[in-house]
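Working notes, beginning with the structure itself.
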Amino acid sequence: MPPAPRRLLPVVLALALATAASAGTIVGTVSAEAPPEPPGAAAAGDAYASRRYKFVEKIDYSRLRDFVVYIDQPVSEVTPGAPALAAVTTQKDANFEPHVLPVAAGTTVRWPNEDDIYHNVFSMSDTKEFDLGYYKKEKTPELVFDKVGRVDVFCAIHSKMHCIILVLPNAFFASADARGRYQIRDVPPGTYRVRAWHERLPGRTLSVTVPAEGEVRADFRLGVETLPKS
């Protein structure tokens, strides 16, 4: 493509700057809320100190991680294309890293094994069924995740190996950091359904209006108290 004539360069530059400026950023925090204790629980004493329950692990809701926040709808103005090799889930020390991997639909995920032992990666999720078979370091399988939804992945050999591929409708998502903070950049202006997700808590959706430039804040607090009581 020939370069633009010199007299058109200011116009081209102005259009480029206007396009870049016509996008906002969604920022905020996401955290978990513990359910209230049942009546009389405190007065009953700490049964967890007994021999019977001392190895039972309680959930510390303040320390939950792996929250994901995303725009839960198609974004017609911009449809970012996922690169062919956009994401990696590594098998290391008999674990999957990361435990939760959010990707846009159409993303290819690579599955390297960095251990000196065999793993067999598989999923029986409705969103994506597959079995990569036994392998060590001699190959790195790749899979395209083209259907929106949650994919639970396991190893057929090791009982504690589990990860989640969270396939999302677009590339406007973010994983919260260790302090629960997230940021979704370059969002076209408009009103969107923004959803916060965690694997063991009900999600929450907010309507968020994104400005043509600047930031808009959306904070989330997730807990089982939002579920219907029976």
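For any residue, its number in the numbering used here is found by taking its place in the sequence shown, counting from 1, and adding 52. Cβ coordinates follow ideal geometry from the N, Cα and C atoms, glycine included.
Starting from residue i, trace the beta strand (DSSP E) in both directions and tell me its first and last residue.
| i | result |
| --- | --- |
| K144 | 142–144 |
| P240 | Premise fails: P240 is in no beta strand (DSSP E) and is neither H nor E. |
| M176 | 171–176 |
| Y122 | 120–123 |
| L116 | Counting along the chain, L116 falls outside any beta strand (DSSP E), and DSSP gives it neither H nor E. |
| G80 | 76–84 |
| A226 | 225–227 |
| G158 | Where G158 is concerned, there is no enclosing beta strand (DSSP E), given that its DSSP letter is neither H nor E. |
| L218 | 214–220 |
| D183 | 181–187 |
| S259 | 253–262 |
| N147 | 147–149 |
Relative to the C-alpha of residue i, which residue among the options is closest?
| i | options | result |
| --- | --- | --- |
| T81 | R256, K106, H151 | R256 |
| E277 | P90, V120, K212 | P90 |
| K281 | I78, V79, P87 | P87 |
| R231 | A75, S83, S74 | S83 |
| V196 | Q235, K189, A139 | A139 |
| L218 | I209, I169, I123 | I123 |
| R237 | R252, A223, R104, T160 | A223 |
| A146 | E251, G242, I169 | I169 |
| H250 | H151, K106, K189 | H151 |
| Y234 | S74, I209, D271 | D271 |
| Y227 | A208, D98, A156, Y105 | Looking at the sequence provided, one finds Ser at residue 227 rather than Tyr. It is A156 whose Cα lies nearest to the Cα of S227. |
| G185 | S177, L279, A208, A75 | A208 |
| K188 | S177, K144, D229, A264 | K144 |
Do residue i and residue j have their CB atoms nearer than 7 Å?
| i | j | result |
| --- | --- | --- |
| T192 | P221 | no |
| E194 | T77 | no |
| A248 | V108 | no |
| P154 | F206 | no |
| V203 | K180 | yes |
| G158 | D118 | no |
| F174 | D167 | no |
| T142 | V161 | no |
| E85 | R273 | yes |
Would you mind giving the Cβ-Cβ distance between residue i and residue j, rounded to the nearest angstrom? I have them listed as a contact below 8 Å.
| i | j | result |
| --- | --- | --- |
| R245 | Q125 | 5 Å |
| V127 | P240 | 7 Å |
| G275 | L253 | 7 Å |
Quick check on residue i - is its C-beta less than 7 Å from some C-beta in chain C?
| i | result |
| --- | --- |
| P280 | The structure shown contains no chain C; it holds only a single protein chain. |
Validate contact between the segment 103–117 and the segment 209–223 using beta carbons, cut 8 Å, 3 pairs: no
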